Each structure stands twice: as C-alpha cells, then as structure tokens.
Ligand code: 5GP
Ligand code: MN
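Numbering (our numbering), first residue to last: 17 to 367.
And the structure:
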C-alpha cells in the first residue's frame with residue numbers, strides 16, 4: 017500500500033467555510049471511523065513511560081475496537097505504572113521494543129512524534145495519529161491533533177460516541193483516569209467548562225471518581241515519599257522560579273524507581289509566589305530526566321522543545337545529556353530569561 021498517497025491531514029483553522037473550495041472536508045472523526053470499520057486488525061500504542069492519559073486512552077480505544085468486532089493489540093515500550101495497573105483490561109497491554117503485525121493501521125495516542133513511542137517497526141503501517149500536545153506534529157498518514165482538549169481520552173470518547181458504541185463503566189473508568197491525571201486533578205490551565213462536562217458524562221456512565229482518585233493519589237509507596245524527601249531537601253527558589261533534583265544515589269538509597277519521580281515537580285510548583293518549576297532526576301548512562309511546570313504565564317512546552325522534548329504549555333519535559341550540573345545550568349539558562357521578561361511585563365502593567 018502506498019501510504020503517502022493516502023495521507024490525510026486535518027487543519028481545522030484552514031477548513032473555515034469561506035475558505036472551502038470543492039467538496040466539504042471529511043471530519044477527522046468520520047475519516048478515522050471509516051478506517052476502523054474497513055480494517056480487521058489494529059495496533060494501539062502510546063508513548064514510552066506511559067502516563068494516565070496514555071494508558072486510559074489506549075484501553076478505551078481497545079474496548080471501542082472490540083465493540084466494533086475488531087482485533088486490537090495494545091503495546092507500549094515501558095510497563096504500565098503501578099497506579100494504573102488495576103484499570104480494567106490493563107493486563108492486556110504488552111510491552112515490546114519492536115512490532116511486527118500485520119496490521120491494517122496503527123493508532124498512536126498521545127505521541128507528539130513517532131519517536132516518543134520508542135517502538136520499532138511502526139513505519140511500515142498506515143499511521144493514525146491522535147494527539148493534543150502543544151508540540152504535536154503531523155507525522156501520521158492521518159492526523160487528528162486537537163490542542164484544546166485536556167486529554168486524548170476526550171478525543172477517544174468522541175470516536176466512541178460517533179461510532180454509537182456503548183460507554184461501559186469500565187470504559188468510563190479508563191477515560192475518567194485520562195482527564196483526572198492530565199489536568200493534574202483539574203488544576204492545570206487545560207481545565208475548562210467542557211472538561212467538567214466530559215467528567216460528568218463519565219461519572220454518569222459508571223466511573224467512580226472517589227475510587228479512581230484514591231487509587232491515583234492515595235496509594236503512594238514509601239519509596240516515593242522518601243525520594244520526595246530527598247528532592248525537597250534540594251529545593252531552591254530564585255524569585256518566581258523553583259527547582260529540585262535527585263541523584264542516582266538518592267534513587268538507589270530510597271529504593272525508588274524512575275516511576276516514583278512522576279509528579280514530584282509539582283511540590284516545587286506549589287510554593288507560594290512560584291510561577292515556574294522544574295525537577296531533574298539522574299537516569300542511567302548520565303542521562304537526565306527533566307520535568308517542567310508552569311502556573312500558566314510561562315510556556316514550558318516551547319522551552320522543552322528547544323531542549324529536545326515537548327509537552328503542554330503548563331506541563332512539559334525532555335531528556336538531556338548529563339552530568340546533572342550541566343543539565344541544571346542549561347535549564348536555568350532557558351528559564352531565567354523567561355521569568356525576567358515576565359517580571360518586566362508585570363512591572364510595566366502595574367505602572
Ligand atoms: P512529565 O514531566 O510528567 O514527564 O511530562 C509532562 C509532559 O511533557 C507530558 O505531556 C509528556 O508527554 C511531555 N514530555 C515529557 N518528556 C518528553 C520528551 O522527552 N519528549 C516529548 N516530546 N514530550 C515529553
Ligand atoms: Mn495527554
């Protein structure tokens with residue numbers, strides 16, 4: 017199959033009625049559903065080190081495909097984090113480095129670039145890219161990037177509704193996890209009125225908000241609490257910027273895993289007066305994991321992109337070359353000027 021000749025890209029802003037010439041554009045939802053209905057076997061995947069949006073949207077997509085009578089393989093490069101392992105169907109997600117097929121199409125959820133999957137063998141298949149990142153790119157044969165939604169789960173939900181499929185309590189639980197985690201518990205700037213409308217529909221369909229929140233936020237292992245202690249003992253604040261780090265030694269001493277690093281950055285961001293925060297953790301082979309967060313005035317996705325990563329305006333990340341001191345200096349060199357210009361803007365406004 018000549019995939020390139022079948023490539024479809026959606027540019028919502030360019031599809032304004034006054035600009036339309038010729039036949040009306042096909043919506044991404046209709047185009048994706050047509051592909052799902054005409055195929056038999058699909059691969060559903062997401063980014064390496066999958067988070068709640070990745071896991072929940074993969075599982076819901078798998079459930080949709082099953083309802084349509086299709087075969088779905090769910091694959092990620094890394095294992096599912098403990099906090100999401102009890103989601104319905106989570107044990108069906110397999111870890112692999114290479115995928116073989118045959119598949120009628122691969123559905124990539126939550127990946128702003130193909131390399132984010134860290135899976136080999138994808139390029140031989142027709143790629144359906146469904147994403148919501150600020151740094152999202154049209155690398156697929158069919159691309160649906162909607163930066164307005166708070167989670168990719170919301171896009172999967174639109175497919176489910178358009179297909180006339182049933183939103184089971186199991187599917188609602190997976191989808192509620194996507195929106196709860198990707199908004200940081202309805203705290204990030206991506207949270208809007210429609211986010212609560214989506215959450216309400218899921219609760220009405222059988223998602224239990226209390227149980228889901230408890231699994232995610234109240235099951236922290238002792239190793240993570242000890243690692244948090246190590247990070248907090250390294251907390252630095254400079255005006256409206258705060259940062260923390262943990263070394264390889266801290267991770268080994270606390271018996272923590274890389275997974276335990278997730279979310280630690282928020283403890284630097286939550287300090288009063290802080291507008292942007294970052295957290296560095298030493299990985300094997302002198303690589304440094306970087307998490308960037310903003311309360312909304314600094315676009316950390318743009319900074320992460322310059323450092324080789326990506327994400328959202330308020331939550332982004334990248335992996336850098338060490339040593340730790342070098343990575344720290346590089347991130348500071350990006351964030352200090354951004355905060356200084358923010359301070360100048362604020363001063364100007366108060367005049
Ligand atoms: P976290 O700091 O929680 O690991 O990631 C925050 C956000 O940044 C997520 O949306 C995640 O997908 C994105 N992100 C983290 N690391 C990378 C990276 O290395 N590359 C890209 N493109 N995005 C990343
Ligand atoms: Mn997401």
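Glycine included, each C-beta is placed from N, C-alpha and C at the ideal position. The structure presented is a predicted model; accordingly, all values stated were derived computationally and were not measured.
- Unbroken beta strand (DSSP E) stretches of 3 residues or longer found wholly inside the region 128–185: 143–147 and 158–161, given in chain order.
- Assigned with DSSP and collapsed to three states, residue 197 falls in helix.
- Residue pairing from DSSP leaves residue 301 without any beta-bridge partner.
- Counting other Cβ atoms within 10 Å of its Cβ, residue 176 reaches 16 or more and is therefore classed as buried.
- Chain order is used for the residues whose beta-carbon lies nearer than 6 Å to a heavy atom of the ligand MN, namely 69, 126, 148, 167, 168 and 198.
- Residue 357 is positioned such that its CB atom lies no closer than 7 Å to that of residue 194.
- Between residue 316 and residue 284 a beta carbon distance of about 13 Å is seen, past the 8 Å cut, so the two are scored as non-contacting.
- Per DSSP, the continuous beta strand (DSSP E) segment holding residue 331 begins and ends at 331–337.
- The bridge partners DSSP lists for residue 254 are 257.
- For residue 252 and residue 235, the gap between their C-alpha atoms comes out near 28 Å.
- Residue 75 is a Cβ neighbour of residue 190, given a cutoff of 7 Å.
- Selection 303, 84, 347 and 343 evaluated against residue 319 yields 347 as nearest (Cα-Cα).
- Proximity of the region 83–92 to the region 211–219 falls short of the contact definition, fewer than three beta-carbon pairs being nearer than 8 Å.
- The C-alpha of residue 279 is placed about 17 Å away from the C-alpha of residue 206.
- Checking the DSSP bridge columns, you'll see residue 123 partnered with 60 and 144.
- Straight through space, the alpha carbons of residue 301 and residue 162 are spaced by roughly 36 Å.
- Placement of the Cβ of residue 128 at a distance of less than 6 Å from at least one heavy atom of the ligand 5GP is found.
- In this model, residue 60 and residue 245 are separated by some 37 Å (Cα to Cα).
- By the Cβ neighbour-count rule, residue 305 is buried, with 16 or more other Cβ atoms within 10 Å of its own.
- In chain order, 205 and 330 place their CB closer than 7 Å to the CB of residue 312, counting only its own chain and leaving out the 5 sequence neighbours on each side.
- Residue burial is scored here from C-beta neighbours: residue 286 has fewer than 16 other C-beta atoms within 10 angstroms and is therefore classed as exposed.
- Look at residue 212 here: in three-state DSSP terms it is helix.
- Proximity of the beta carbon of residue 307 to the ligand 5GP is indicated: a heavy atom of the ligand is located closer than 6 Å.
- Here residue 360 is exposed, its C-beta having fewer than 16 other C-beta atoms within 10 Å.
- For the pair residue 266 and residue 55, the Cα-to-Cα distance works out to about 49 Å.
- Looking at the backbone, the Cα of residue 257 and that of residue 335 are separated by about 20 Å.
- With three or more CB-CB distances shorter than 8 Å, the region 140–150 counts as touching the region 119–131.
- The region 152–166 and the region 44–58 touch, with three or more beta-carbon pairs separated by less than 8 Å.
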